[in-house]
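A.B. asks: Have a look at this one.
2 protein chains.
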Amino acid sequence: MVIVKVFCRFKRSYDDLLPAKNGEENTKQFLIEVVHILLNYVSKSFDRNTKVLDFHYPHQLKDGLEGFSLELSDNPENLEQLLVDCRDTLKYGVKTGHPCFFNQLSTGLDVIGLAGEWLTATANTNIFTFEISPVFIMMEEILLKKMYEKIGWPSQEGDGIFSPGGSISNLYSVLVARYYRFPEAKTKGMASVPRLVLFTSEHSHYSIRKAAAVLGIGTENVILVKCNERGKMIPSELESKIMETEMKAAWGGGLLMSRKHSVKLSGIERASSVTWNPHKLMGAPLQCSAILVREKGLLQLCNQLCADYLFQPDKHYDVSYDTGDKAIQCGRHVDVFKFWLMWKAKGAEGFEVQVNKCLDNAEYLYNKLKQRVDFILVFDGKPEHSNVCFWYIPPSLRELPNGQERSKRLHEVAPRIKAKMMEEGTTMIGYQPQGENVNFFRCVFSNPATSKADVDFLIEEIVRLGNDL
Amino acid sequence: MVIVKVFCRFKRSYDDLLPAKNGEENTKQFLIEVVHILLNYVSKSFDRNTKVLDFHYPHQLKDGLEGFSLELSDNPENLEQLLVDCRDTLKYGVKTGHPCFFNQLSTGLDVIGLAGEWLTATANTNIFTFEISPVFIMMEEILLKKMYEKIGWPSQEGDGIFSPGGSISNLYSVLVARYYRFPEAKTKGMASVPRLVLFTSEHSHYSIRKAAAVLGIGTENVILVKCNERGKMIPSELESKIMETEMKAAWGGGLLMSRKHSVKLSGIERASSVTWNPHKLMGAPLQCSAILVREKGLLQLCNQLCADYLFQPDKHYDVSYDTGDKAIQCGRHVDVFKFWLMWKAKGAEGFEVQVNKCLDNAEYLYNKLKQRVDFILVFDGKPEHSNVCFWYIPPSLRELPNGQERSKRLHEVAPRIKAKMMEEGTTMIGYQPQGENVNFFRCVFSNPATSKADVDFLIEEIVRLGNDL
Chain A
1 MVIVKVFCRF KRSYDDLLPA KNGEENTKQF LIEVVHILLN YVSKSFDRNT
51 KVLDFHYPHQ LKDGLEGFSL ELSDNPENLE QLLVDCRDTL KYGVKTGHPC
101 FFNQLSTGLD VIGLAGEWLT ATANTNIFTF EISPVFIMME EILLKKMYEK
151 IGWPSQEGDG IFSPGGSISN LYSVLVARYY RFPEAKTKGM ASVPRLVLFT
201 SEHSHYSIRK AAAVLGIGTE NVILVKCNER GKMIPSELES KIMETEMKAA
251 WGGGLLMSRK HSVKLSGIER ASSVTWNPHK LMGAPLQCSA ILVREKGLLQ
301 LCNQLCADYL FQPDKHYDVS YDTGDKAIQC GRHVDVFKFW LMWKAKGAEG
351 FEVQVNKCLD NAEYLYNKLK QRVDFILVFD GKPEHSNVCF WYIPPSLREL
401 PNGQERSKRL HEVAPRIKAK MMEEGTTMIG YQPQGENVNF FRCVFSNPAT
451 SKADVDFLIE EIVRLGNDL
Chain B
1 MVIVKVFCRF KRSYDDLLPA KNGEENTKQF LIEVVHILLN YVSKSFDRNT
51 KVLDFHYPHQ LKDGLEGFSL ELSDNPENLE QLLVDCRDTL KYGVKTGHPC
101 FFNQLSTGLD VIGLAGEWLT ATANTNIFTF EISPVFIMME EILLKKMYEK
151 IGWPSQEGDG IFSPGGSISN LYSVLVARYY RFPEAKTKGM ASVPRLVLFT
201 SEHSHYSIRK AAAVLGIGTE NVILVKCNER GKMIPSELES KIMETEMKAA
251 WGGGLLMSRK HSVKLSGIER ASSVTWNPHK LMGAPLQCSA ILVREKGLLQ
301 LCNQLCADYL FQPDKHYDVS YDTGDKAIQC GRHVDVFKFW LMWKAKGAEG
351 FEVQVNKCLD NAEYLYNKLK QRVDFILVFD GKPEHSNVCF WYIPPSLREL
401 PNGQERSKRL HEVAPRIKAK MMEEGTTMIG YQPQGENVNF FRCVFSNPAT
451 SKADVDFLIE EIVRLGNDL
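Listed in order, the protein sequences are those of chains A and B.
Numbered per my numbering, the first sequence finishes at 469, counting up by one with no gaps.
Numbered per my numbering, the second sequence finishes at 469, counting up by one with no gaps.
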């Protein structure tokens with residue numbers, strides 16, 4: 001095994017990385033060994049001859065697998081074992097960058113984003129003040145401005161901050177809306193304001209309901225507005241009920257990078273706030289999400305508490321660059337650098353190509369499935385976005401009349417195929433029920449490494465694994 | 001310059017990393033070049049002959065510095081430029097791992113934690129289901145159990161989750177307490193419960209007030225309980241007022257790793273919830289924070305919404321390992337691996353040594369300052385934790401009688417020294433006012449690379465920079 005061979009060259013424990021023991025040289029060698037393991041993994045992630053995952057059940061991982069124990073003790077392990085642990089952690093995980101991983105929206109392994117994340121980890125700073133994150137704070141400002149432009153907000157408007165994910169960004173948007181109408185909710189609490197009701201699409205992300213729970217609005221006060229069969233809110237259903245135009249575009253934000261597809265978000269420039277997750281369609285490594293608020297200053301007013309040990313007003317630079325008080329967090333991970341570096345590497349154009357490719361793949365899958373008798377589309381219309389929902393109908397179900405028996409059996413098809421798929425590790429795709437629709441597959445495209453041949457492979461795998469159900 | 005020389009060997013743009021153009025080999029070479037830049041930075045971070053920072057004002061960074069422009073365009077940059085950008089991003093940042101960086105609690109550059117973070121970035125997955133994070137989910141369970149043990153909770157109790165930071169963990173703790181007493185707040189909102197009041201220490205972290213604002217309790221309903229001069233809540237001031245024992249130990253959690261110092265947190269086992277930030281005293285790279293809840297099941301009940309496209313009940317494995325619905329987030333960054341790897345490398349013992357060293361440094365600084373006439377301690381007693389607060393009194397102030405004039409001038413001393421310090425880049429330390437105390441320095445020790453000689457250097461630097469004020 002390469003690891004052991006090379007590793008014999010150097011000392012054996014964490015202590016050997018300390019200055020007293022030639023620490024600098026040992027540190028470099030250790031990190032280079034780690035990087036070799038990582039580069040090997042990167043290559044495998046893109047290799048269609050490797051599996052997407054090597055599945056093991058929770059109890060198997062808990063019990064330990066051939067020299068890989070997850071247990072922790074009071075005593076240190078040697079560095080050689082740590083390298084083996086690193087390798088095995090990757091071995092028993094899921095290759096989310098594999099071209100045949102269709103399971104989630106945050107997929108793909110963007111090499112530039114990865115480099116950015118490695119650098120971010122090395123810089124290991126906290127993006128709450130200019131003082132300790134001067135470059136990253138400026139990059140955040142520049143990226144946010146680009147995002148306001150893409151949304152179409154006038155140049156004097158726009159405010160925002162990167163947050164740990166779309167759900168937290170959505171929480172910010174409801175929080176800011178609450179503050180905008182009822183600023184006293186911040187100081188006097190919800191007891192001081194009328195009972196609030198939140199209107200959202202019946203298909204909106206569950207983070208909106210989580211936000212309602214957290215913010216003290218209550219999940220029962222979330223009114224779900226009926227949607228048409230494409231999942232769009234029906235305006236007449238909304239009537240005059242909406243307290244604030246709250247658009248959720250966390251997933252779709254990437255569409256704004258595409259001249260071809262951005263029209264699908266037309267009207268977004270009228271939104272008071274937008275959640276945009278570059279870690280989805282744009283392929284930035286997780287986590288990378290931004291909450292963008294049209295009205296300048298609102299985010300600061302809504303969240304600031306002016307902690308004087310962090311945000312001293314008597315500093316020697318423009319303290320408006322200490323943006324931390326806009327956040328509901330104190331310490332905040334740097335999520336901007338990888339995104340900034342990706343933008344440098346690709347330009348806006350490169351993102352456009354990438355987004356278009358994802359939507360092309362969705363259209364390709366849709367067209368393929370439409371021609372087949374063994375698949376049924378959940379919605380029979382050209383996909384507007386990068387997801388396609390469908391049922392696979394095994395031969396044994398094809399002659400069954402519609403009705404309870406067929407529904408019951410069809411409901412079990414996707415989970416059973418998925419289980420086999422994971423055990424074999426060849427590909428991964430999500431499934432879900434929705435309202436009256438029994439379990440269907442939901443294929444999402446956001447990995448630029450996925451080719452049309454991979455889409456064909458997915459179809460054939462589903463047929464192979466489900467044919468005898 | 002090394003970068004350019006080596007880099008001439010390979011192709012010039014992001015496109016050259018794609019499969020069509022020998023992408024695998026180019027990708028490896030690009031990433032190895034990045035790693036060389038990072039390793040060089042790591043060495044510099046530990047080198048006392050380098051500056052802590054190379055300070056520039058916001059407008060200077062905005063305008064661009066010798067070949068380093070932060071601006072983003074529609075067109076791609078070549079890879080060579082990206083490498084230069086990576087180098088410069090580090091060059092103009094702050095070396096938080098430098099032995100003379102005393103500015104923040106999340107400091108240090110733990111090599112094993114760094115390796116863990118690089119691997120996490122490469123795995124690029126989402127820790128919300130066992131399905132796509134099998135190994136990390138199990139590691140989280142194992143780490144959380146170790147943490148419950150260190151707190152002293154009985155083995156059948158304890159629940160928890162890693163969150164994006166201490167403020168979010170603290171928000172969880174208040175949220176869970178609210179749910180425990182008034183579960184209807186989740187569904188019916190705060191309108192359905194009596195007016196809530198939150199008791200906390202007058203010196204508690206501002207995230208408690210942020211949580212009160214977010215959760216709809218209101219910042220004015222946070223009752224600050226008086227503390228003694230050491231900053232501990234005075235029990236008689238609390239009387240029978242507290243609705244729930246809410247201990248905040250985000251920063252101090254690391255003390256539990258030390259047999260010598262854990263006594264300072266005695267009683268913590270009676271807490272209903274604990275926030276513990278391994279990214280502070282234990283030196284894990286940011287972000288690494290956990291919210292630990294004593295009562296099993298509460299966190300899940302409080303936050304679950306059972307989104308059926310993620311948390312399908314009909315999966316082929318034990319779905320209690322799909323822990324994502326305990327979180328207020330949906331996508332969640334993997335913060336456990338680096339911590340797990342650090343624990344493997346050091347053992348609990350290694351953390352103990354590290355924590356003890358930080359507290360030794362604090363005691364060393366305290367003893368040094370106590371002997372000097374040009375420094376005054378804010379609290380004149382042996383530090384219980386790893387922070388020491390003090391004023392430097394320049395010669396021009398030493399003869400001034402106590403009074404408004406002296407206070408006014410002393411208030412300006414720390415900011416002026418800090419500004420010079422940052423411009424020269426030799427060291428960094430925070431300052432703040434607090435109540436009636438004018439600006440004082442607050443030195444925090446959490447970097448294991450810091451030696452007693454570095455503490456001496458800090459004192460001498462403050463004197464050198466402040467002597468003529």
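Glycine included, C-beta positions come from ideal geometry on N, C-alpha and C.
The structure presented is a predicted model; accordingly, all values stated were derived computationally and were not measured.
(1) For V373 (chain A), count neighbouring Cβ atoms within 10 angstroms of its own Cβ and tell me buried if that reaches 16, exposed if not.
(2) I462 (chain A): which of A:P401, A:T450, A:Y431 sits nearest, CA to CA?
(3) Within 10 angstroms of its Cβ, does L83 (chain A) collect 16 or more other Cβ (buried), or is it exposed?
(4) From the DSSP output, read off the bridge partner residues of N78 (chain A).
(5) Tell me the rounded alpha-carbon separation between A345 (chain B) and P183 (chain B).
(6) According to the neighbour-count rule (16 or more other Cβ atoms, all chains shown, within 10 Å of its Cβ), is L17 (chain B) buried or exposed?
(7) Can you find a CB in chain B that lies within less than 9 Å of the CB of A362 (chain A)?
(8) DSSP on D167 (chain A), reduced to helix/strand/coil?
(9) Which word fits A453 (chain A), buried or exposed, when buried means at least 16 other C-beta atoms lie within 10 angstroms of its C-beta?
(10) Identify every residue that forms a DSSP beta bridge with L292 (chain B).
(11) Mind listing the chain B neighbours of N126 (chain A)? Cutoff is C-beta to C-beta under 7 Å, in chain order.
(12) Let me know if V263 (chain A) comes out buried or exposed under the rule of 16 or more other beta-carbons within 10 Å of its beta-carbon.
(13) Which of the three DSSP states, helix, strand or coil, is assigned to W391 (chain B)?
(14) Residues of chain A with CB closer than 7 Å to the CB of K188 (chain B), please, in chain order.
(15) With distance defined between alpha-carbon atoms, name the residue in B:L90, B:L65, B:G254, B:A123 nearest to K44 (chain A).
(16) For the stretch 82 to 102 of chain A, enumerate the residues whose C-beta is nearer than 7 Å to any C-beta of chain B, in chain order.
(17) List the DSSP bridge partners of S201 (chain A).
(18) Kindly indicate which three-state DSSP category F440 (chain A) falls into: helix, strand or coil?
(19) Between the stretch 364 to 372 of chain B and the stretch 303 to 321 of chain B, are three or more C-beta pairs nearer than 8 Å?
(20) Am I right that M428 (chain B) and F102 (chain B) are in contact with their C-beta atoms under 8 Å? What's the rounded C-beta distance?
(21) Does the beta carbon of C443 (chain A) come closer than 9 Å to any beta carbon on chain B?
(22) Hey, V35 (chain B) and S173 (chain B): beta-carbon distance below 9 Å or not?
(23) Using the beta-carbon count (16 or more within 10 Å), is S258 (chain B) buried or exposed?
(24) Which chain A residues sit within Cβ distance under 7 Å of D318 (chain B)?
(25) Applying the 10 Å Cβ sphere with the 16-neighbour rule, what's the burial state of D159 (chain B)?
(26) Taking 9 Å as the CB-CB cut-off, is C358 (chain A) touching chain B?
(27) Evaluate H261 (chain A) with the Cβ neighbour count: other Cβ atoms within 10 Å of its Cβ, from every protein chain shown; 16 or more gives buried, anything less gives exposed.
(28) Quick one: what's got a C-beta closer than 8 Å to Q156 (chain A)'s C-beta in the same chain, skipping five residues either side?
(29) Below 8 Å on the Cβ atoms is my contact criterion, and I expect M342 (chain B) with D110 (chain B) to pass it. Report the Cβ-Cβ distance as a whole number of Å.
(30) Could you list the residues in the stretch 147 to 171 of chain B with a C-beta less than 8 Å from some C-beta on chain A, going in chain order?
(31) Just the Cα atoms here: how many angstroms apart are M147 (chain B) and H59 (chain B)?
(32) P383 (chain A) lies in the alpha helix (DSSP H); which residues open and close that run?
(33) What separation, rounded to the nearest whole angstrom, lies between the Cα atoms of F55 (chain A) and T200 (chain A)?
(34) Whole angstroms is fine: what's the gap from A177 (chain A)'s alpha carbon to A249 (chain B)'s?
(35) Between the Cα of Y57 (chain A) and those of B:D322, B:V413, B:L79, spot the shortest distance and give me the residue it belongs to.
(36) I'd like to know whether the C-beta of N75 (chain A) is nearer than 9 Å to at least one C-beta of chain B.
C.D. replies: Concretely, from the data shown:
(1) What you label residue 373 (chain A) is simply residue 373 of the first sequence in a count that begins at 1. By the 16-neighbour rule on beta-carbons within 10 angstroms, V373 (chain A) is exposed.
(2) Within the first sequence, residue 462 (chain A) is the residue found at index 462, counting from 1. Nearest option by C-alpha distance: A:Y431.
(3) Locating residue 83 (chain A) in the first sequence gives position 83, where the first residue counts as 1. With 16 or more Cβ atoms within 10 Å of its Cβ, L83 (chain A) is classed as buried.
(4) On the first sequence, residue 78 (chain A) is found 78 positions in, with the first residue counted as 1. In DSSP, N78 (chain A) forms a bridge with A:S13.
(5) Mapped onto the second sequence, residue 345 (chain B) falls at position 345. Mapped onto the second sequence, residue 183 (chain B) falls at position 183. Going by the C-alpha atoms only, they are around 42 Å apart.
(6) Within the second sequence, numbered from 1, the residue matching residue 17 (chain B) stands at position 17. By the C-beta density criterion, L17 (chain B) is buried, having at least 16 other C-beta atoms within 10 angstroms.
(7) Position 362 of the first sequence, counting from 1, holds the residue named residue 362 (chain A). By this cut-off, A362 (chain A) is not an interface position.
(8) On the first sequence, residue 167 (chain A) is found 167 positions in, with the first residue counted as 1. The amino acid occupying residue 167 (chain A) in the given sequence is Ser; Asp does not appear at that position. It is helical.
(9) As a first step, residue 453 (chain A) must be located in the first sequence, where it is residue number 453. With fewer than 16 Cβ atoms within 10 Å of its Cβ, A453 (chain A) is classed as exposed.
(10) As a first step, residue 292 (chain B) must be located in the second sequence, where it is residue number 292. Bridge partners of L292 (chain B): B:G160, B:V274.
(11) In the first sequence, the residue the question calls residue 126 (chain A) occupies position 126. Under the 7 Å cutoff, chain B gives Q104, S106, L286.
(12) Counted from its first residue, the first sequence places residue 263 (chain A) at position 263. With fewer than 16 Cβ atoms within 10 Å of its Cβ, V263 (chain A) is classed as exposed.
(13) The sequence position of residue 391 (chain B) within the second sequence is 391, counting from 1. Correct three-state label for W391 (chain B): strand.
(14) Along the second sequence, one-based indexing puts residue 188 (chain B) at 188. Within 7 Å Cβ-Cβ: G218, E220.
(15) Working through the first sequence from its first residue, we reach residue 44 (chain A) at position 44. Minimum Cα distance to K44 (chain A) is reached at B:A123.
(16) Those residues of the stretch 82 to 102 of chain A that come within reach of chain B (Cβ to Cβ, closer than 7 Å) are L82, D85, C86, T89, L90, Y92, G93, V94, T96, G97.
(17) Along the first sequence, read from residue 1 onward, the residue named residue 201 (chain A) stands at position 201. In DSSP, S201 (chain A) forms a bridge with A:V225.
(18) Against the first sequence, residue 440 (chain A) aligns to sequence position 440. Note: F440 (chain A) maps to strand in three-state DSSP.
(19) Inter-segment contact for the stretch 364 to 372 of chain B and the stretch 303 to 321 of chain B is absent: fewer than three beta-carbon pairs are separated by less than 8 Å.
(20) The residue given as residue 428 (chain B) occupies position 428 in the second sequence. The residue given as residue 102 (chain B) occupies position 102 in the second sequence. Distance from M428 (chain B) to F102 (chain B) at the Cβ level is roughly 6 Å; contact confirmed, criterion being Cβ atoms closer than 8 Å.
(21) As a first step, residue 443 (chain A) must be located in the first sequence, where it is residue number 443. No, C443 (chain A) lies away from the interface with chain B (no Cβ there is under 9 Å from its Cβ).
(22) Along the second sequence, one-based indexing puts residue 35 (chain B) at 35. Along the second sequence, one-based indexing puts residue 173 (chain B) at 173. No.
(23) For the purposes of this step, residue 258 (chain B) is taken as residue 258 along the second sequence, with counting starting at 1. Flag for S258 (chain B) reads buried.
(24) Taking the first residue of the second sequence as 1, we reach residue 318 (chain B) at position 318. Correct list: P58.
(25) Indexing the second sequence from 1 puts residue 159 (chain B) at position 159. Flag for D159 (chain B) reads buried.
(26) On the first sequence, position 358 is the one that residue 358 (chain A) refers to. It does not: the Cβ of C358 (chain A) has no partner Cβ on chain B nearer than 9 Å.
(27) Along the first sequence, read from residue 1 onward, the residue named residue 261 (chain A) stands at position 261. Buried.
(28) Position 156 of the first sequence, counted from the start, is the residue given in the question as residue 156 (chain A). Around Q156 (chain A): K296.
(29) The count along the second sequence starts at 1 and reaches residue 342 (chain B) at position 342. The count along the second sequence starts at 1 and reaches residue 110 (chain B) at position 110. About 6 Å; that satisfies the 8 Å criterion.
(30) P164, G165, G166, S167, I168, L171
(31) The residue you call residue 147 (chain B) lines up with position 147 of the second sequence. The residue you call residue 59 (chain B) lines up with position 59 of the second sequence. Distance between the alpha carbons of M147 (chain B) and H59 (chain B): 45 Å.
(32) Residue 383 (chain A) sits at position 383 when you count from the first residue of the first sequence. Per DSSP, P383 (chain A) belongs to no alpha helix (DSSP H) and is neither H nor E.
(33) Here residue 55 (chain A) is taken as the residue at index 55 of the first sequence, counted from 1. Here residue 200 (chain A) is taken as the residue at index 200 of the first sequence, counted from 1. C-alpha separation (whole angstroms): 38 Å.
(34) Stepping through the first sequence from its first residue, residue 177 (chain A) is reached at position 177. Stepping through the second sequence from its first residue, residue 249 (chain B) is reached at position 249. Their Cα atoms are separated by approximately 32 Å.
(35) For the purposes of this step, residue 57 (chain A) is taken as the residue at position 57 of the first sequence. Comparing C-alpha distances from Y57 (chain A) to each of B:D322, B:V413, B:L79 shows the shortest one belongs to B:D322.
(36) Locating residue 75 (chain A) in the first sequence gives position 75, counting from the first residue. Interface residue, yes.
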